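The opening position of the sequence shown corresponds to residue 815 in our numbering, with each subsequent residue numbered one higher.
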Amino acid sequence: MPFGPRKLTGVILACHDDKPEGNLRDALRLIDSEPVLSHDMIALARWISGYYCAPLGEVLRSMLPLASEIRSGKIYSLTDSGRDAARQLFLDASADDQAANLLRALEGRSLSAGYLKKKFPLADKILRSLEKKGFLVAEHTHESRDPLRAASQSMRIQLNGKDPEGKLPKAERELIAFLQLHPGTHNLGEVEQQVKNASTAARALARKGALTVTREETQVSSGYAKTSHQLNPAQQAALDSIRLGIESREFRTFLLHGVTGSGKTEVYLKAIDAALACGRSALLMVPEIALTPAMAGQFFSRFGNRVAILHSAFSDSERTEQWRKIRSGSAWVVVGTRSGVFAPVRDLGLIVVDEEHDQSYKQEETPRYNGRDVAIVRAQHAGACVVLGSATPSLESRYNAEKGKYTLLELSERIESRPMPRVDLIDMRQEFLETRKQATFSRAMLDQFEARLDSGEQTIVLLNRRGFSTFVACRACGERVQCINCSLTLTFHRRDRRLLCHYCNYAEKVPSLCPKCQSEHIYFLGVGSEKVEEELHNQFPTARIARLDRDTITGKRHYETILQGFRDRDFDILVGTQMIAKGHDIPNVTLVGVVSADIGLGMPDFRAAERTFQLLTQVAGRAGRGSLPGVVLVQTINPDHYAIRLAAAQDYQAFYEKELQFRRFMHYPPFTAMANILVRSEKQEDALRMSAELGQHLEPAPEKIKVMGPAEAPVPRLKAEYRYQFLIKAASRKSLNELLRRAQDFTRAQKWNATALVIDVDPFTLT
Ligand code: ADP
Ligand code: ZN
Ligand code: ZN
815 MPFGPRKLTG
825 VILACHDDKP
835 EGNLRDALRL
845 IDSEPVLSHD
855 MIALARWISG
865 YYCAPLGEVL
875 RSMLPLASEI
885 RSGKIYSLTD
895 SGRDAARQLF
905 LDASADDQAA
915 NLLRALEGRS
925 LSAGYLKKKF
935 PLADKILRSL
945 EKKGFLVAEH
955 THESRDPLRA
965 ASQSMRIQLN
975 GKDPEGKLPK
985 AERELIAFLQ
995 LHPGTHNLGE
1005 VEQQVKNAST
1015 AARALARKGA
1025 LTVTREETQV
1035 SSGYAKTSHQ
1045 LNPAQQAALD
1055 SIRLGIESRE
1065 FRTFLLHGVT
1075 GSGKTEVYLK
1085 AIDAALACGR
1095 SALLMVPEIA
1105 LTPAMAGQFF
1115 SRFGNRVAIL
1125 HSAFSDSERT
1135 EQWRKIRSGS
1145 AWVVVGTRSG
1155 VFAPVRDLGL
1165 IVVDEEHDQS
1175 YKQEETPRYN
1185 GRDVAIVRAQ
1195 HAGACVVLGS
1205 ATPSLESRYN
1215 AEKGKYTLLE
1225 LSERIESRPM
1235 PRVDLIDMRQ
1245 EFLETRKQAT
1255 FSRAMLDQFE
1265 ARLDSGEQTI
1275 VLLNRRGFST
1285 FVACRACGER
1295 VQCINCSLTL
1305 TFHRRDRRLL
1315 CHYCNYAEKV
1325 PSLCPKCQSE
1335 HIYFLGVGSE
1345 KVEEELHNQF
1355 PTARIARLDR
1365 DTITGKRHYE
1375 TILQGFRDRD
1385 FDILVGTQMI
1395 AKGHDIPNVT
1405 LVGVVSADIG
1415 LGMPDFRAAE
1425 RTFQLLTQVA
1435 GRAGRGSLPG
1445 VVLVQTINPD
1455 HYAIRLAAAQ
1465 DYQAFYEKEL
1475 QFRRFMHYPP
1485 FTAMANILVR
1495 SEKQEDALRM
1505 SAELGQHLEP
1515 APEKIKVMGP
1525 AEAPVPRLKA
1535 EYRYQFLIKA
1545 ASRKSLNELL
1555 RRAQDFTRAQ
1565 KWNATALVID
1575 VDPFTLT
């Protein structure tokens, strides 16, 4: 559909004979011959659009992440008659219309649809007519034969030691330098984000023989096949009530609250069996980081070819293939991350949301939906059951269970009555008084590390902060080095010898002089996971240590390799950020050390305590999952804080009650419906003026609605934009929604730039 000079893809929502308003244009062509979205899915899109105040088009776009990819993977080549026609045209030089040129272009080689469309503005139409005449054949490219033609995401590159001859262009030299600095194989798609023009450079270097290119392996390992277990009584009871729900064909939501190591996965698998037995399909949603090939392998070995996996690490064509498999009805079980909630499965009977409290279910761009909540609404439309599983359910979900909206199912013991790990708090203020040293590790922690190295058992060390030093400051004037785009300090990353902004990826060299006062007394403060790894190396030179955080992994498959190595006992110690806290089941881990439990507590966010509690409980749950009991050591300077104390006691119920009291008192969710309105602009005066105007427009606030703001956002400047925000708490959803619409209408009437207003309903973070 042309919009000005642009062509856009549209979605048909309804067919009718009513005369529409406004300026109309003809549609150019119909892309899909059958509907890509069912009525149910369009109804779901309308709900999301209404609830989250997001444009319907944006919602539909995120529901069809593959729509454009499905069509672009075509390669055209000439048929015999096409070749004859091209030769004819060659003789008849006067024929210089586009169709003739296109045929000539195809004479020597096959070309992709994408290339042809760039070269020939009318390619779409011409290709179709030439195809009809039998001059062309189109081939869908599931695998491009030339590995160098593949998308960057599906290529792995590695230096092979041969130095290319002659002088190289800058991009190629930079790529080589990067690969020398980071040996091993890399996903080209990810390298592209760090090295300019890496894609072209890699292809050129490969042709010169300096790089080896291999395809990303997408084979899921089914070596992981875990056998099905006989359920214990608690698991069985949970399954029985889920099965009844599925068989009743009515919408119901269950909250499966099971402590770490209680065998929730086995319940999910058997519940999926139950849905299949009723002739219905099932959807399992997992957090971003948890969907590894190993996890996928477990599903393949259980459900065979009936499984489709929607993995963001898959290449476009692989994802397209999975999508087709689902849409055609040959996949009955879908495993996916957040956007997997839109998988076009038929006759949906069950949605399982694993780790339902996880932050990765919330999309942090428009439409800002929560995949867990969308799952519930989708199930409601489909008459399906939902199982929300977690060892640390969100306050909202647990409260819904208390109110009877969800059915609570509990697994309160570990499998085979294994003990929960013992958790000891180490007061780092006391440690300092006794040792007079500001050390990363307490003496008790070091002793325990040593004992594990001696016994051959494994250790996990958590510090939920990336980088080497968290900030760089000047001793003379106190200046801390800040990002040029954000009001945030830069983190020192030693491997890259750079200061990095964790929000906008801005990077700069480490200054040798203070940028403000030119003093030489620059110093580095605050410990990140990179430094923890180094200190462990210094303390235990012979220990085999691996690190897992966003800086060490260059892709989800790499993540899996490190974890697999740890599982295979190639490493004694695994250091990492929250990534290591989730879901892994590694029996030989008997010690978990938390370097600092306090990092998340200082965040200006009403969920800070809840997040800290969840992270500590989850990471503690990694210890003692096998036959050996586990120990957890937690270093903190807030040993009396209830989130830390109750996580150590592994007392969810007490935490829930205490936190609920705080939320009730402060009018936070689940007692109010909340939204965050953000006003942003590159010019501070504009952001300030616009937010003031919006503030006036929202006054007086309707009854039972509290509008707080405008105020500077906790991060007042981010990605070069100044930010002011309003926090809104409302007694009812309906009145909240009305207020948000009022804000939206106002900004439209005032002709604000479309990106100046951000509405976040049920916000997860308030930065
Ligand atoms: P959770 O997700 O609740 O932390 P998992 O699902 O990872 O726990 O289960 C922990 C371990 O117990 C896994 O290795 C799993 O294979 C095993 N397991 C699950 N159910 C049973 C059972 N009924 N009998 C024996 N082992 C089981
Ligand atoms: Zn200075
Ligand atoms: Zn920044």
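By construction, the Cβ of each residue, glycine as well, lies at the ideal position given by its N, Cα and C atoms.
All values derive from a computational prediction rather than experimental measurement.
Using 10 angstroms around the beta-carbon of residue i, count the other beta-carbons present and answer buried if the total reaches 16, otherwise exposed.
{"i": "residue 1446", "result": "buried"}
{"i": "residue 1167", "result": "buried"}
{"i": "residue 1372", "result": "buried"}
{"i": "residue 1337", "result": "exposed"}
{"i": "residue 1044", "result": "exposed"}
{"i": "residue 1283", "result": "buried"}
{"i": "residue 1187", "result": "buried"}
{"i": "residue 1288", "result": "buried"}
{"i": "residue 1001", "result": "buried"}
{"i": "residue 1452", "result": "buried"}
{"i": "residue 1169", "result": "buried"}
{"i": "residue 830", "result": "exposed"}
{"i": "residue 895", "result": "exposed"}
{"i": "residue 1111", "result": "buried"}
{"i": "residue 1071", "result": "buried"}
{"i": "residue 1522", "result": "exposed"}
{"i": "residue 1376", "result": "buried"}
Residue i by DSSP, collapsed to three states: which one?
{"i": "residue 1187", "result": "helix"}
{"i": "residue 1376", "result": "helix"}
{"i": "residue 968", "result": "helix"}
{"i": "residue 1022", "result": "coil"}
{"i": "residue 980", "result": "coil"}
{"i": "residue 1236", "result": "strand"}
{"i": "residue 1143", "result": "coil"}
{"i": "residue 1221", "result": "strand"}
{"i": "residue 1396", "result": "coil"}
{"i": "residue 1338", "result": "strand"}
{"i": "residue 1079", "result": "helix"}
{"i": "residue 1047", "result": "helix"}
{"i": "residue 1201", "result": "strand"}
{"i": "residue 1272", "result": "strand"}
{"i": "residue 1317", "result": "coil"}
{"i": "residue 1470", "result": "helix"}
{"i": "residue 834", "result": "coil"}
{"i": "residue 1586", "result": "In the structure displayed, the chain extends from 815 to 1581; residue 1586 sits before or after that span and is not available."}
{"i": "residue 1523", "result": "strand"}
Using a Cβ-Cβ cut-off of 6 Å (strictly less than) and excluding sequence neighbours within five positions of residue i, which residues of its own chain qualify?
{"i": "residue 1481", "result": "1543"}
{"i": "residue 947", "result": "none"}
{"i": "residue 913", "result": "940"}
{"i": "residue 1084", "result": "1053"}
{"i": "residue 1330", "result": "1291 and 1293"}
{"i": "residue 1520", "result": "1543"}
{"i": "residue 934", "result": "912 and 916"}
{"i": "residue 1012", "result": "989, 1005 and 1006"}
Given residue i, which residues of its chain have a CB within under 7 Å of its CB, disregarding the five upstream and five downstream residues?
{"i": "residue 1298", "result": "1320"}
{"i": "residue 1384", "result": "1358"}
Who are the Cβ neighbours of residue i in its own chain at under 8 Å, not counting the five residues just before and after it?
{"i": "residue 1249", "result": "1257"}
{"i": "residue 1219", "result": "1067"}
Does the pairing of the stretch 1380–1394 with the stretch 1551–1561 give three or more beta-carbon distances under 8 Å?
No, the stretch 1380–1394 is not in contact with the stretch 1551–1561.
Would you call the stretch 1416–1428 and the stretch 1454–1474 in contact, with 3 or more CB pairs under 8 Å?
Touching, per the Cβ criterion.
Taking contact to mean 3 or more Cβ pairs, one atom from each stretch, closer than 8 Å, check whether the stretch 1134–1144 and the stretch 1163–1179 are in contact.
No, the stretch 1134–1144 does not touch the stretch 1163–1179.
Looking at C-beta atoms only, is the number of pairs between the stretch 1078–1096 and the stretch 1208–1216 that lie closer than 8 Å three or more?
Result no; under three Cβ-Cβ pairs closer than 8 Å.
Are the stretch 1301–1320 and the stretch 1234–1253 touching by the rule of at least three beta carbon pairs closer than 8 Å?
In this structure the stretch 1301–1320 does not lie against the stretch 1234–1253, because fewer than three pairs of beta carbons, one per stretch, are closer than 8 Å.
Which residues have a Cβ closer than 6 Å to any heavy atom of ligand 2, listed in chain order?
Cβ-based neighbours of ligand 2 within the cut-off: 1288, 1290, 1291, 1293, 1328, 1330, 1331 and 1333.
Count the C-beta pairs between the stretch 1052–1070 and the stretch 1221–1234 that are closer than 8 Å, then say yes if the count reaches three, no if not.
Using a C-beta cut-off of 8 Å, the stretch 1052–1070 makes contact with the stretch 1221–1234, since at least three inter-stretch Cβ pairs fall below that distance.
Give a yes or no on contact between the stretch 1193–1200 and the stretch 1064–1072, applying the rule of three or more CB pairs nearer than 8 Å.
Judged by Cβ distances under 8 Å, the stretch 1193–1200 makes contact with the stretch 1064–1072, as three or more pairs qualify.
Give every residue whose Cβ lies closer than 5 Å to any heavy atom of ligand 4, listed in chain order.
Absent from the structure shown: ligand 4. Ligands present: ligand 1, ligand 2 and ligand 3.
Any contact of the stretch 1007–1020 with the stretch 969–989, i.e. 3+ C-beta pairs under 8 Å?
A contact is defined here as three or more CB-CB pairs under 8 Å, and the stretch 1007–1020 meets this definition with respect to the stretch 969–989.
Please confirm if the stretch 1514–1523 is in contact with the stretch 1557–1571, defined as three or more CB-CB distances below 8 Å between the two stretches.
No: the two stretches stay apart, fewer than three of their Cβ pairs being nearer than 8 Å.
Does the stretch 1259–1266 come close enough to the stretch 1482–1502 that 3 or more CB-CB pairs lie under 8 Å?
No contact exists between the stretch 1482–1502 and the stretch 1259–1266.
Touch test, the stretch 1301–1308 against the stretch 1275–1282, Cβ-Cβ under 8 Å, three pairs minimum
Yes: the two stretches touch, three or more of their Cβ pairs being nearer than 8 Å.
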